[in-house]
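Below you'll find the structure, written out as structure tokens, and then a few comments.
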Amino acid sequence: MTADIFDTARNRWWGLLPLLALLWHGAYTAIMLDAHYLFFVCYSANFILGIGIYARSGLMVGTGAGWCLIAFPLWLYYAILNSDWEISGVAFHVCGILVGVVAMKNYRLPGYTWCAGLGLALILQVLGRIFTDPALNVNAAFRIYDGWEGLFPNYPVYFVVMFLGFAAFFLCLTWLNNRFLFCGNKDDGRH
1376 MTADIFDTAR
1386 NRWWGLLPLL
1396 ALLWHGAYTA
1406 IMLDAHYLFF
1416 VCYSANFILG
1426 IGIYARSGLM
1436 VGTGAGWCLI
1446 AFPLWLYYAI
1456 LNSDWEISGV
1466 AFHVCGILVG
1476 VVAMKNYRLP
1486 GYTWCAGLGL
1496 ALILQVLGRI
1506 FTDPALNVNA
1516 AFRIYDGWEG
1526 LFPNYPVYFV
1536 VMFLGFAAFF
1546 LCLTWLNNRF
1556 LFCGNKDDGR
1566 H
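For the sequence shown, our numbering gives the first residue as 1376, with consecutive numbering after it.
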């Protein structure tokens, strides 16, 4: 019987990768940029993903990987727009996606993963409003993201549409993962 190096449920060292990337890029962000940026969802997502792999929790893996998938295109757009290809930022965002997808194949995501995804977003919205500079608009906690103002009549509509979109994303992610990506046995206890 050969060991599967990509079996994150048995090889929990995979959880170290997003945590180390978080530590590296988090330190860079706090020292070189602004510590308020640490409230962006991608930082929490990598942390939850890494801990989820160690805890063998499908809910945490799904929540962390899901938010890494949502945050990546937004970061990529920002990186292209500002020519910001700082190596720790690239490694941090790519690591979350790759480890997340590898990990999700080992876990059946619970049907309520969307609740955890929305819960994380809501918590970060509140924390962003309390602890971050409104000028930074971390996680769109204060206003519609710049450039998107014409798509929404006001911030409450934007907020509701985004949260409905996040819920739909996590519902689809859960269904797609459990239907096509998950490689384990339904009854193997990894849920």
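We put the beta carbon where it would ideally sit given N, CA and C, even for glycine.
All values derive from a computational prediction rather than experimental measurement.
Within 10 angstroms of the beta-carbon of Met1407 lie fewer than 16 other beta-carbons, which makes it exposed. Ile1498 counts as exposed, since fewer than 16 other beta carbons sit within 10 angstroms of its beta carbon. Assigned with DSSP and collapsed to three states, Glu1524 falls in helix.
Its chain contains no residue whose beta carbon lies nearer than 6 Å to that of Leu1451 once the 5 sequence neighbours on both sides are disregarded. Taking C-beta atoms as the reference points, Phe1541 and Ala1496 count as a pair closer than 9 Å. Membership of Leu1497 in the alpha helix (DSSP H) is indicated by the continuous run Thr1488 to Phe1506. Within the same chain, Cβ atoms closer than 7 Å to the Cβ of Ser1463 are found at Trp1399, His1400 and Tyr1403, the five residues on either side in sequence being excluded.
Beyond the five residues adjoining it in sequence on each side, Arg1387 comes within less than 7 Å, by CB distance, of Ile1428 and Tyr1429 in the same chain, given in chain order. CA-to-CA, the gap between Gly1471 and Leu1511 works out to about 23 Å. Counting along the chain, the unbroken alpha helix (DSSP H) around Pro1393 starts and ends at Leu1391 to Met1407. Annotation: Asp1508 to Ser1419 spans about 18 Å, alpha carbon to alpha carbon.
Less than 9 Å divides the Cβ of Thr1383 from the Cβ of Val1477. Here DSSP, grouped into helix, strand and coil, assigns Trp1450 to helix. In the assembly as shown, Asn1457 is an exposed residue. Its beta-carbon has fewer than 16 other beta-carbons within 10 Å. Annotation: His1411 is outside any alpha helix (DSSP H) and is labelled neither H nor E by DSSP.
Here DSSP, grouped into helix, strand and coil, assigns Asn1553 to helix.
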